[in-house]
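Working notes for the structure below.
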Amino acid sequence: MTDRTIDLKAAKPRNQWWDVWDQFRTHKGALMGMFVLGFILFCTLVGPHLWDIDPKLIDIRARAKGPSMAHPLGTDQLGRDMLARLFSGGRITIAVGMTAMVLSLVLGTFIGVVAGYFRRLDGILMRLTDLFLALPLLPLLLLMVMLFRESLVLSLGPENGVFILIVFAIGITSWMHTARIVRGDVLALKEREFVLASRSIGTPARRMILRHILPNVMSPIMVSATLGVANAVITESALSFLGLGFPPDFPTWGRLLSDGMVYINQNPERVIWPAIALSALVLSINYIGDGLRDALDPRIRGR
Amino acid sequence: MLDAMPDPKPATKLVQVKDLKMYFPIHTGLLRRHTGDVKAVDGISFDIMEGETLGLVGESGCGKSTVGRALLRLYELTGGSVTIDGDDIAKLGAEALRKKRPTMQMVFQDPQASLNPRMTVAALIGEPLDEHGGMSATEKLARVYELMDAVGLNRNFANRYPHAFSGGQRQRIGIARALALNPKFIVCDEPIAALDVSIQAQVVNLLEDLQEKFGLTYLFISHDLSMVRHIADRVAVMYLGRIAELSPREPLYAEPLHPYAKALLSAVPEPDPEHEAKRRRIILQGDVPSPSNPPKGCNFCTRCPEVIPMCHEVEPDLLEVRPGRFVACHLVKPETKTPAAGSTGRPEVKEHNQQGEPRI
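From first to last, the protein sequence lines stand for chains A and B. Going by my numbering, the letters in the first sequence line up with residues 11 to 313, in that order. Going by my numbering, the letters in the second sequence line up with residues 28 to 387, in that order.
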């Protein structure tokens, strides 16, 4: 062995996250998506400080105006500045979308993995999943909002209370597909020989799941995650549209869309801008998820 | 029953298997009621001495791999006991079994399937160390490199993923994993079946070198009879979940006693064309009976060319018929002088005698 002399520090295996990043960079769509998402995040986080018109300020004399220097995206029927509303609405929409997605993903992955890995729990958990799938979602959401909004708003304030309620409601009603997909994959993975090989070493179930099962079900989880954001944003819009989401003067992209729809003939840009923002958000997350999925798979990496 | 076996060197028994049974339940009907069992392994007993290689041969589906996996308690045994290095594996609790795992390891058949595609070579070889070592990161890395040297893998490969390797290299990764915890006993479950012939020799030689270097004990499961002849000290021939014959290598290949062992060994091609032309194969009729419904009496009675009425009634025991040779057959009597009935005058026996080079 000639290389016995090399010192261990120099030959330390390279952190594999660098390989992931290298592969991610080669995915043009994912880079573009990251750029767009970064831009949206910048606008929603920093934008309100740069464009400091209060999105709730009603200026009745400037109502339903087209684009001008004072209001680059025009105003709505009450004279509120559309750019400011778009910026602050994005905050809520992105926060709701991301949090609800994470919640449903964590819940779905957990239930899917546990059901797939532990045979004894499979029946119970999958019937629970079927139960949730069988529930009519919109009535359930409406019921939850009706029942809990008052108490949450009272204890946590109107903004936080509704936020938590909506995130929870969306998360709790959208984990089922993730759970089913993950369970199916885990069932197949569990019978693979490398799991048996790991069992022959004496790996306990907890580490088996973290080390062998979860990394190998990453792809379907990623796909679920990207779809989950879109789903959460759309559900939030639907709730706002029905008047059961955030308070009416509180801008979210879904509400901006539904408010603007009535005026689509007079001021089409009132619908176009929130719609573009929403589509760009969902699309960029889809592309990032796509790139991440490729980058995390060592078989695709390096091609 | 195997206690009386004479052994040239005073070796200790590392593995003792007694009446091992492994049944897989069959559930049928709407209520998934337990209606029967696939008797994959049906009451087998054998010992493996320290430092020895026991070959386990038999046709596909005879329960070879099940034996290997049951020995490491990758399945919950239906019955019997497996004593490895003083502990009965079948009765250990979960944590005690985990502590015991480093003593016994396994090399798997398909190196593609037995390595997690999402882990690098360093992570794969280091996994057993993570589980049992309690080593620091530097110590672990040093050990991983040591193992890679031992199995002949370039250290620069540490950061690569299994898909980037050839079959032989992947099997080396599998062997390095098995070696990581300094085991005493390794079950090689057809480690060469998925490799091409040129690589098979490399891997088998590597296994032999490692055995010499680390004093390992192997259970070598294979259906490649010539490879078993090369590596094994003793060979067990399995048929339908039972051991038909368990003999030292040379006597078995020279003169198989059990009718099934004869048939199996007659299928080994001879390298010499003259002998090959004279070789007479014993071709068995019919198919292997279903292990969920094995025949009454001897397992082999439905296909045995030398079957007698008794075979359909009484199940033969595995008896020592010659020194060190165990056969489960009514025709082979435990008398040392007279040759076993039906085994005289068979041309294939003579051929083996001529070809069997005494390389002990």
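Every residue, glycine too, gets a C-beta built ideally from N, C-alpha and C.
Does the pairing of the stretch 263-272 of chain A with the stretch 37-49 of chain B give three or more beta-carbon distances under 8 Å? no
Excluding the five sequence neighbours on either side, which residues of its own chain have a C-beta within less than 6 Å of the C-beta of V348 of chain B, listed in chain order? V354, V359 and P361
At the 8 Å Cβ level, is L99 of chain B part of the contact set with chain A, yes or no? yes
Near R309 of chain A, which residues of its chain fall below 8 Å by C-beta distance, leaving aside the five closest residues on each side in sequence? none
Helix, strand or coil: which one does DSSP assign to A355 of chain B? coil
Straight-line gap, M228 of chain A to E203 of chain A (C-alpha atoms, nearest Å): 19 Å
Boundaries (first-last residue) of the alpha helix (DSSP H) holding Q33 of chain A: Q26 to T36
Should P366 of chain B be flagged as near chain A, meaning a C-beta pair shorter than 8 Å? Its pLDDT being 47, under 50, P366 of chain B is placed unreliably by the model, and the measurement read from it follows with that caveat. With 8 Å as the cut-off, P366 of chain B does not count as an interface residue toward chain A.
Let me know the secondary structure DSSP gives E347 of chain B once reduced to three states. strand
Determine, using beta carbons only, whether F73 of chain B comes closer than 8 Å to chain A. no
H59 of chain A classed as buried or exposed, judged by whether at least 16 other C-beta atoms fall within 10 angstroms: exposed
I'd like to know whether the C-beta atoms of R265 of chain A and S250 of chain A end up nearer to each other than 8 Å. yes
State buried or exposed for M186 of chain A, treating a residue as buried only when at least 16 other CB atoms are found within 10 Å of its CB. buried
Report the partner residues of S108 of chain B according to the DSSP bridge assignment. B:K45
Is the beta carbon of I102 of chain A sitting closer than 8 Å to the one on T262 of chain A? yes
Does any residue of chain B have a CB that is nearer than 8 Å to the CB of Q26 of chain A? yes
With DSSP collapsed to three states, give me the class of Q132 of chain B. strand
If we call anything under 8 Å between Cβ atoms a contact, is G212 of chain A one with H285 of chain B? no
Mind listing the chain B neighbours of F3 of chain A? Cutoff is C-beta to C-beta under 7 Å, in chain order. Coverage of chain A is limited to positions 11 through 313, which leaves residue 3 of chain A absent and any answer about it impossible.
Mapping DSSP to helix, strand and coil, what is V84 of chain B? strand
So which residues on chain A does Q229 of chain B lean against when the C-beta distance must stay under 7 Å? Near Q229 of chain B there are no residues of chain A at all, since even the closest Cβ is about 17 Å away, more than 7 Å.
Inspect the beta-carbon positions of L252 of chain B and V295 of chain B and report whether they are closer than 8 Å. yes
Can you find a C-beta in chain B that's less than 8 Å from the C-beta of I298 of chain A? no
Just to confirm the assignment: which complete beta strand (DSSP E) runs, minimum length 3, are found wholly within the stretch 257-343 of chain B? 261-266 and 269-275
Between B:S163, B:T165 and B:E235, which has its C-alpha nearest A177 of chain B's C-alpha? B:E235
I'd like to know if L302 of chain A contacts chain B, where contact means its C-beta is closer than 8 Å to some C-beta of that chain. no
How many whole angstroms separate the CB atoms of S208 of chain A and Q132 of chain B, which I take to be in contact at a CB cut-off of 8 Å? Their Cβ separation, rounded to whole angstroms, is 12 Å, which puts S208 of chain A and Q132 of chain B out of contact at 8 Å.
When you compare each of A:G57, A:F178 and A:L150 to S114 of chain A by their alpha carbons, which one comes out closest? A:F178
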